[in-house]
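Residue numbering for the sequence shown follows this note's numbering, starting at 131 and increasing by one per position.
Positions of the beta carbon are idealized from the N, C-alpha and C atoms, including for glycine.
Structure, as structure tokens:
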Amino acid sequence: PMTLRDALAQSNNRVTAQLMQREGAAKVAQLARAMGVRDSPLDAVPSLALGTSPVTLKEMVSAYGTIANRGVYVAPQMITHIEDRNGKVLAAFGSAPPERALSASAALTLVDVMRDVVDRGTGADIRMRYGIRDDVAGKTGTTQDNADGWFILMHPQLVAGAWVGFDDGSVTLRSNYWGAGAHSALPIVGTFFDDALRARAIDPRVQFSPDFRPRSAPAPAQRRRAHPGLFDWLRLFR
Numbered sequence: 131p132m133t134l135r136d137a138l139a140q141s142n143n144r145v146t147a148q149l150m151q152r153e154g155a156a157k158v159a160q161l162a163r164a165m166g167v168r169d170s171p172l173d174a175v176p177s178l179a180l181g182t183s184p185v186t187l188k189e190m191v192s193a194y195g196t197i198a199n200r201g202v203y204v205a206p207q208m209i210t211h212i213e214d215r216n217g218k219v220l221a222a223f224g225s226a227p228p229e230r231a232l233s234a235s236a237a238l239t240l241v242d243v244m245r246d247v248v249d250r251g252t253g254a255d256i257r258m259r260y261g262i263r264d265d266v267a268g269k270t271g272t273t274q275d276n277a278d279g280w281f282i283l284m285h286p287q288l289v290a291g292a293w294v295g296f297d298d299g300s301v302t303l304r305s306n307y308w309g310a311g312a313h314s315a316l317p318i319v320g321t322f323f324d325d326a327l328r329a330r331a332i333d334p335r336v337q338f339s340p341d342f343r344p345r346s347a348p349a350p351a352q353r354r355r356a357h358p359g360l361f362d363w364l365r366l367f368r
């Protein structure tokens, strides 16, 4: 037997599929819509748990943003205002009102479960290779036949994601290793987050919940600014 926490940490899709069957694909699709998957069509079938319905990176980051925001969905906004060269505001654009997608307790539970992904699961390179010790949680993802690699990382002040794949779904990464989000997409997010922390774009002291106590994680032998594998996998397409 395996707990759902362990299954998510190790990306055991069999357990995810069982959960989908128990809860119902229509219910899962409805929740995905509420959390931020607003544009892409979602087929309410059991294989939805395995990534058979393509969605955009924007939608994925939006959905994880809802989790990081304690269950409240906020529509992504590219431009908030326009200024002239003197700093005068020429136009301001209001944002859509926030929407409650799931309870705060459910969102914080998801955050805590996905902390294990980066602490001891498929996303452990965030700790081990990039030396990020802050309160973060995330999830790796690999769609059918290694067609796409995903990684999303959440911090209370920043959610970032990367997708590695092709516009043509019939073209795959041809490798179980490079096809995994942990090896293709994670390095992009890890480098970005590392730079954001170094630049103090986000506060490393901020936590998802006041009662959170960081768990210990092995210290990296050396802090690296870039993952060497980020360029290695590009050789597949030469």
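Between the CA atoms of residue j and residue i - distance to the nearest angstrom
i    : j    : result
R250 : R135 : 11 Å
A159 : T146 : 14 Å
R343 : D264 : Reliability fails at R343, whose pLDDT of 44 lies under 50, so the model's placement of it is uncertain and no value is given.
G311 : L187 : 13 Å
E153 : A179 : 11 Å
A205 : W308 : 32 Å
A226 : P131 : 44 Å
N216 : Q207 : 24 Å
N143 : Q151 : 12 Å
A254 : K218 : 45 Å
Q337 : R245 : 12 Å
S300 : A329 : 39 Å
G181 : D173 : 10 Å
L149 : R335 : 35 Å
Three-state secondary structure assigned by DSSP to residue i
i    : result
R304 : coil
D264 : coil
T270 : strand
L172 : coil
L138 : helix
A222 : strand
I212 : strand
F281 : strand
A292 : strand
R230 : strand
V241 : helix
V167 : coil
V202 : strand
R330 : coil
G217 : coil
F338 : coil
Of the residues the options, the one placed nearest residue i, counting alpha carbons only
i    : options                   : result
A156 : P171, R144, N143 and V243 : P171
Own chain partners of residue i with C-beta closer than 8 Å, once the 5 adjacent residues on each side are dropped
i    : result
E189 : G166, V167, R168, D169 and S170
F223 : Q207, I209, T210 and H211
Residue i burial status per 10 Å Cβ neighbour count (16 or more: buried)
i    : result
P286 : buried
T273 : buried
R192 : Rather than Arg, the amino acid found at residue 192 in this sequence is Ser. Counting Cβ neighbours within 10 Å, S192 comes out buried, since at least 16 surround it.
F296 : exposed
N276 : buried
G195 : buried
G278 : A small correction: the amino acid at residue 278 is Asp; Gly does not occupy that position in the sequence shown. Buried, since its Cβ has 16 or more Cβ neighbours within 10 Å.
D298 : exposed
Residues near residue i by beta carbon distance below 7 Å, same chain, minus five either side
i    : result
L220 : I212, E213 and D214
I332 : H285, Q287, L288 and A326
G201 : R230, A231, L232, S233, A234, A236 and A237
F322 : A290
G248 : Position check: residue 248 holds Val in this sequence, whereas Gly was assumed. Result list for V248: A254, I256, R257, V266, A267 and G268, in chain order.
S339 : L238
Nonlocal neighbours in the same chain, by C-beta distance under 6 Å from residue i, ignoring five residues either side
i    : result
F281 : T270, A292, G311, A315, L316 and V319
L240 : I197
T252 : S141, T270 and A312
L138 : V243
A164 : A231
P228 : V202 and V204
V175 : A155
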